[in-house]
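Enquirer: Got a structure here, written out as structure tokens. Questions coming.
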């Protein structure tokens, strides 16, 4: 931890970073909810992502308000609706990865602030969330993507969602240990997911066109070292647009801020620091200096922003990437340490204190990684 305000020299100043933090805070509702943008819908994963952006940028009270919102909104079975808009539930099904992500968010907030009371405050919520997700394990060891509103477990798994879920389970284990609890079943579930991602590709839906399925197993620690670098290099030209960033979908000319920022963090976790810094600089063309936010994406040949929105979670992803590159806050090692099996590393960190454009179908209510095929529904 540097002890200095978060900034990326030569790319983003401390004031620009602070402006982005204020942008995220401006999207938050009075009840603590953080929709994609003011007036839009909310899903639990992107809500947590945005709360983590608030933690990184020093809006600690607002971040806790976001987690308080989730604690109040959690259903009896430990889940949350997949999509809500204000007080209205638009999709009552539950995404297992979305439900687990609160553990990552709370652990990250603890690493950033050193506030041990936070992990105790949200422990009951996290324990119920893990209990819910644990009931959706498939025979492969992977987590089913979702559970329908009537309790039917979907019989397929997603690469990106499972990679994120495995890391969330690690964070849940770290929280449990910090509170003096032993949860070997949670640890085993995380390890089983990591193993499936490494050696059982047929256990997951084929969504190879989506860039997140490429880099998320790297980002969340399932595949690292030489294997991670080989995976990164093998698909680099498929997804990376030189001097622009990362495509959301291989066969579409659409560069997105969040995917690019997450790719930066994945590169950083591999030790590819120069490539990560270059990618971080490239994506700044999506920054709106007036608002402090980031456009979700841009269709490069057409020269138009698509969708025409600035999302809270896109801004948050950029802040994570900035922190990873500069090692500024106590949460900077969150992705470097994923699946590291080094408890002392986490402790050390804590001590630091559909529309269609050019044929691209894009869900206006669910991020691509959260949806199995972008064409079906939970039954």
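Numbering (the numbering used here), first residue to last: 9 to 387. Think of the CB as a built atom: it goes at the ideal place given N, C-alpha and C, for glycine as much as any other residue.
So, helix, strand or coil for residue 96, using DSSP?
Expert: Numbered from its first residue, the chain shown carries residue 96 at position 88. Residue state, collapsed to three classes: strand.
Enquirer: Just list the residues that DSSP pairs residue 248 with in beta bridges.
Expert: As a working mapping, residue 248 is identified with position 240 in the chain shown. Answer is 254, bridged to residue 248.
Enquirer: So the candidates are 209, 138, 94, 267; which of them puts its Cα closest to the Cα of residue 306?
Expert: Counting from 1 along the chain shown, the entry for residue 306 is found at position 298. Closest option to residue 306, Cα to Cα, is 267.
Enquirer: Please report the distance separating the alpha-carbon of residue 224 from that of residue 100.
Expert: Walking along the chain shown from the start, residue 224 turns up at place 216. Walking along the chain shown from the start, residue 100 turns up at place 92. The alpha-carbon atoms of residue 224 and residue 100 are separated by roughly 26 Å.
Enquirer: Looking at residue 134 and residue 170, is the spacing between their C-beta atoms short of 9 Å?
Expert: Here residue 170 refers to the residue found at position 162 when the chain shown is read from its first residue. Here residue 134 refers to the residue found at position 126 when the chain shown is read from its first residue. Not a contact, by the Cβ cut-off of 9 Å.
Enquirer: Can you give me the C-alpha to C-alpha distance between residue 193 and residue 288, rounded to a whole angstrom?
Expert: Residue 193 sits at position 185 when you count from the first residue of the chain shown. Residue 288 sits at position 280 when you count from the first residue of the chain shown. Roughly 38 Å separates the two Cα atoms.
Enquirer: Residue 98 to residue 52, Cα distance in whole Å?
Expert: Looking up residue 98 in the chain shown gives position 90. Looking up residue 52 in the chain shown gives position 44. Going by C-alpha positions, residue 98 is about 13 Å away from residue 52.
Enquirer: So residue 290 and residue 253 are in contact, right, with Cβ under 8 Å, and what is the actual spacing, rounded?
Expert: Here residue 290 refers to the residue found at position 282 when the chain shown is read from its first residue. Here residue 253 refers to the residue found at position 245 when the chain shown is read from its first residue. At roughly 5 Å, the Cβ-Cβ gap stays under 8 Å, so residue 290 and residue 253 are in contact.
Enquirer: So for residue 318, helix, strand or coil by DSSP?
Expert: Residue 318 sits at position 310 when you count from the first residue of the chain shown. Note: residue 318 maps to strand in three-state DSSP.
Enquirer: Determine which residues share a DSSP beta bridge with residue 102 and list them.
Expert: As a first step, residue 102 must be located in the chain shown, where it is residue number 94. Answer is 155.
Enquirer: Does the Cβ-Cβ distance between residue 128 and residue 150 come in under 9 Å?
Expert: Stepping through the chain shown from its first residue, residue 128 is reached at position 120. Stepping through the chain shown from its first residue, residue 150 is reached at position 142. In this structure, residue 150 does not lie closer than 9 Å to residue 128 by Cβ.
Enquirer: Where does residue 305 fall in DSSP's three states?
Expert: For this step, residue 305 is matched to residue 297 along the chain shown. Here residue 305 sits in strand by DSSP.
Enquirer: If residue 29 and residue 50 are in contact, beta carbons under 8 Å, what's the gap, nearest whole angstrom?
Expert: By one-based count along the chain shown, residue 29 stands at place 21. By one-based count along the chain shown, residue 50 stands at place 42. Rounded, the Cβ-Cβ distance is 19 Å, inconsistent with contact.
Enquirer: If you run the structure through DSSP and keep just helix, strand and coil, what is residue 19?
Expert: As a first step, residue 19 is located in the chain shown; it is residue number 11 there, counting from the start. Looking at residue 19 - three-state DSSP - the assignment turns out to be coil, as it is neither helix nor strand.
Enquirer: Consult DSSP for residue 194 and reduce its assignment to one of helix, strand or coil.
Expert: Here the question's residue 194 lines up with position 186 in the chain shown. In this structure, residue 194 counts as helix in the three-state DSSP scheme.
Enquirer: Grab me the residues of residue 131's own chain with a C-beta within less than 7 Å of its C-beta, minus the 5 sequence neighbours each way, in chain order.
Expert: As a position in the chain shown, residue 131 is number 123, starting the count at 1. These residues qualify, in order along the chain: 183, 187.
Enquirer: Based on Cα-Cα distance, which residue from 180, 230, 322, 220 lies nearest to residue 204?
Expert: As a first step, residue 204 is located in the chain shown; it is residue number 196 there, counting from the start. Here the closest residue by C-alpha is 230.
Enquirer: In chain order, what residues of the same chain have a beta carbon less than 7 Å from the beta carbon of residue 27, not counting five sequence neighbours either side?
Expert: Along the chain shown, one-based indexing puts residue 27 at 19. 300, listed in sequence order.
Enquirer: Might you give, ordered along the chain, the residues of its own chain that have their beta carbon closer than 8 Å to the beta carbon of residue 296, omitting 5 neighbours on each side?
Expert: On the chain shown, position 288 is the one that residue 296 refers to. Same-chain partners within the cutoff: 302, 303, 318.
Enquirer: To which residues of the same chain is residue 40 closer than 6 Å at the C-beta, ignoring the five residues directly before and after it?
Expert: Walking along the chain shown from the start, residue 40 turns up at place 32. Once the five neighbours on either side are set aside, the close Cβ partners of residue 40 are 73, 74, 76, 77.
Enquirer: Going straight from the alpha carbon of residue 141 to that of residue 190, what length do you get?
Expert: Translated into positions along the chain shown, residue 141 becomes position 133. Translated into positions along the chain shown, residue 190 becomes position 182. One C-alpha to the other measures close to 18 Å.
Enquirer: Roughly how many angstroms separate the alpha carbons of residue 119 and residue 336, rounded to a whole number?
Expert: Position 111 of the chain shown, counted from the first residue, corresponds to residue 119. Position 328 of the chain shown, counted from the first residue, corresponds to residue 336. Going from the Cα of residue 119 to the Cα of residue 336 covers about 12 Å.
Enquirer: Quick check: the Cα distance between residue 178 and residue 198, rounded to an integer number of angstroms?
Expert: By 1-based counting over the chain shown, the position of residue 178 is 170. By 1-based counting over the chain shown, the position of residue 198 is 190. Using only the alpha carbons, I get a separation of about 7 Å.
Enquirer: Along the beta strand (DSSP E) that carries residue 262, what are the first and last residues, could you check?
Expert: In the chain shown, counting from the first residue as 1, residue 262 sits at position 254. From DSSP, the beta strand (DSSP E) with residue 262 extends over 262-264.
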